[in-house]
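Numbers in our numbering are just positions in the sequence shown, counted from 1, shifted up by 74.
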Amino acid sequence: MEKKRKNYNTTLRVDLIKGLKMLAVEEDARANDLLEEAIQDLLKKYEKKGKK
75 MEKKRKNYNT TLRVDLIKGL KMLAVEEDAR ANDLLEEAIQ DLLKKYEKKG
125 KK
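Next comes the structure, spelled out in C-alpha coordinates:
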(Lines of atoms letter the chains of each structure in order from A and count residues from 1; the text may use other names and numbers.)
(Lines give C-alpha, C1' and ligand atoms only; values in the text may rest on other atoms or scores of the structure.)
Protein backbone atom coordinates (compact mmCIF):
# COMPACT_ATOMS: atom_id res chain seq x y z
CA MET A 1 0.00 0.00 0.00
CA GLU A 2 1.48 3.34 -1.04
CA LYS A 3 1.66 6.03 1.61
CA LYS A 4 -0.25 9.26 1.20
CA ARG A 5 1.84 12.12 -0.20
CA LYS A 6 1.76 15.87 0.31
CA ASN A 7 3.75 18.67 -1.33
CA TYR A 8 6.45 20.26 0.82
CA ASN A 9 8.50 23.13 -0.56
CA THR A 10 11.80 24.43 0.77
CA THR A 11 15.07 25.93 -0.39
CA LEU A 12 18.36 24.05 -0.54
CA ARG A 13 21.95 25.01 -1.23
CA VAL A 14 22.74 24.90 -4.93
CA ASP A 15 25.63 22.47 -4.43
CA LEU A 16 23.33 20.03 -2.62
CA ILE A 17 20.78 20.17 -5.42
CA LYS A 18 23.48 19.57 -8.01
CA GLY A 19 24.88 16.64 -6.04
CA LEU A 20 21.41 15.17 -5.59
CA LYS A 21 20.66 15.39 -9.30
CA MET A 22 24.00 13.80 -10.18
CA LEU A 23 23.43 10.98 -7.70
CA ALA A 24 19.93 10.40 -9.07
CA VAL A 25 21.35 9.98 -12.57
CA GLU A 26 24.16 7.70 -11.35
CA GLU A 27 21.73 5.53 -9.39
CA ASP A 28 18.95 5.69 -12.01
CA ALA A 29 16.64 6.87 -9.26
CA ARG A 30 14.28 9.77 -8.72
CA ALA A 31 15.68 12.67 -6.70
CA ASN A 32 12.51 12.62 -4.59
CA ASP A 33 13.13 8.98 -3.63
CA LEU A 34 16.69 9.81 -2.59
CA LEU A 35 15.47 12.74 -0.49
CA GLU A 36 12.91 10.52 1.23
CA GLU A 37 15.62 7.95 1.97
CA ALA A 38 17.85 10.65 3.45
CA ILE A 39 15.04 12.01 5.63
CA GLN A 40 14.20 8.50 6.87
CA ASP A 41 17.87 7.96 7.81
CA LEU A 42 17.95 11.32 9.61
CA LEU A 43 14.79 10.55 11.58
CA LYS A 44 16.18 7.16 12.62
CA LYS A 45 19.44 8.81 13.71
CA TYR A 46 17.68 11.30 15.98
CA GLU A 47 15.15 8.74 17.21
CA LYS A 48 18.04 6.65 18.55
CA LYS A 49 19.58 9.70 20.26
CA GLY A 50 16.29 10.51 21.98
CA LYS A 51 15.97 7.02 23.50
CA LYS A 52 19.11 7.32 25.66
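Virtual Cβ for every residue (Gly too), placed ideally from N, Cα, C.
Quiz item: Could you check where the alpha helix (DSSP H) with E101 kicks off and where it finishes?
Solution: V88 to E101
Quiz prompt | K92 versus G124 - alpha carbon distance | solution = 32 Å
Quiz item: Do A103 and L94 have their CB atoms nearer than 7 Å?
Solution: no
Quiz item: Within this structure, are the beta carbons of A98 and L86 separated by less than 7 Å?
Solution: no
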